[in-house]
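**Q** Could you have a look at this structure, given as structure tokens, before my questions?
In the working numbering, the protein residues as written are 375 to 511.
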């Protein structure tokens with residue numbers, strides 16, 4: 375025995391478009407209309423598509439109006455989603471331990487390499503003086 379043909383009425387079309395605009399899942403709309411989700415997509419494809427497009431257009435209008443009126447949150451959201459702007463990650467400190475809160479000390483040992491002992495002594499004193507200043511900050 376053959377199934378009855380599904381007849382889509384104008385009232386059904388308006389309901390499908392309205393529910394689609396609200397974001398109702400297609401499976402739920404199909405249950406409300408009294409058909410399978412596949413039948414819903416077959417007979418109401420245009421209404422499903424238009425309902426979502428109309429809702430998105432309305433929301434974009436509200437967002438744009440809010441941003442134009444000075445709503446900073448709406449402006450930031452618009453710039454991030456529509457203009458593709460992103461917040462940058464803070465740059466990493468290229469020299470670890472120089473953030474002023476570090477308590478670890480770095481000691482650089484200079485190789486002798488046959489240098490003048492006086493020069494090596496001057497370099498060590500400069501290094502000590504540098505670390506004393508770093509600790510005082």
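All residues carry an ideal CB built from backbone N, CA and C; glycine is no exception. Just so it is clear, the structure is predicted and the values come from calculations on it, not from any experiment.
Taking 8 angstroms as the threshold (C-beta atoms), are residue 394 and residue 426 in contact?
**A** Residue numbering aside, residue 426 sits at position 52 when the chain shown is read from its first letter. Residue numbering aside, residue 394 sits at position 20 when the chain shown is read from its first letter. Cβ distance < 8 angstroms, so residue 426 and residue 394 count as in contact.
**Q** Hey, is the segment 434-441 in contact with the segment 449-461, meaning 3+ C-beta pairs nearer than 8 angstroms?
**A** The segment 434-441 is in contact with the segment 449-461.
**Q** Which residue's Cα is closest to the Cα of residue 428: 510, 490, 388 and 500?
**A** Taking the chain shown and counting its residues from 1, the one referred to as residue 428 is at position 54. Among 510, 490, 388 and 500, the Cα nearest to that of residue 428 belongs to 388.
**Q** For residue 417, which residues from the same chain have a beta carbon less than 7 angstroms from its beta carbon, with the 5 sequence-adjacent residues on both sides left out?
**A** As a working note, residue 417 is residue 43 in the chain shown. Same-chain partners within the cutoff: 380 and 382.
**Q** Distance, Cα to Cα, residue 390 vs residue 412?
**A** Sequence index remark: in the chain shown, residue 390 carries index 16 (1-based). Sequence index remark: in the chain shown, residue 412 carries index 38 (1-based). Each residue's alpha carbon lies about 14 angstroms from the other.
**Q** Assuming residue 418 is part of the alpha helix (DSSP H), what are its boundary residues?
**A** Looking up residue 418 in the chain shown gives position 44. Careful: residue 418 lies outside any alpha helix (DSSP H) and carries neither H nor E.
**Q** With a 10 Å radius around its C-beta and 16 neighbouring C-beta atoms as the bar for buried, classify residue 492 as buried or exposed.
**A** Residue mapping note: residue 492 aligns to position 118 of the chain shown, counting from 1. Result: exposed.
**Q** Can you tell me whether residue 378 is helix, strand or coil according to DSSP?
**A** Walking along the chain shown from the start, residue 378 turns up at place 4. Three-state result, residue 378: coil.
**Q** Kindly give me the distance between the Cβ atoms of residue 415 and residue 400, rounded to whole angstroms, as I take these residues to be in contact under 8 angstroms.
**A** Mapped onto the chain shown, residue 415 falls at position 41. Mapped onto the chain shown, residue 400 falls at position 26. That pair is a contact at about 7 angstroms.
**Q** Helix, strand or coil for residue 397, going by three-state DSSP, please let me know.
**A** One-based indexing of the chain shown puts residue 397 at position 23. Residue 397 falls in the coil class under three-state DSSP.
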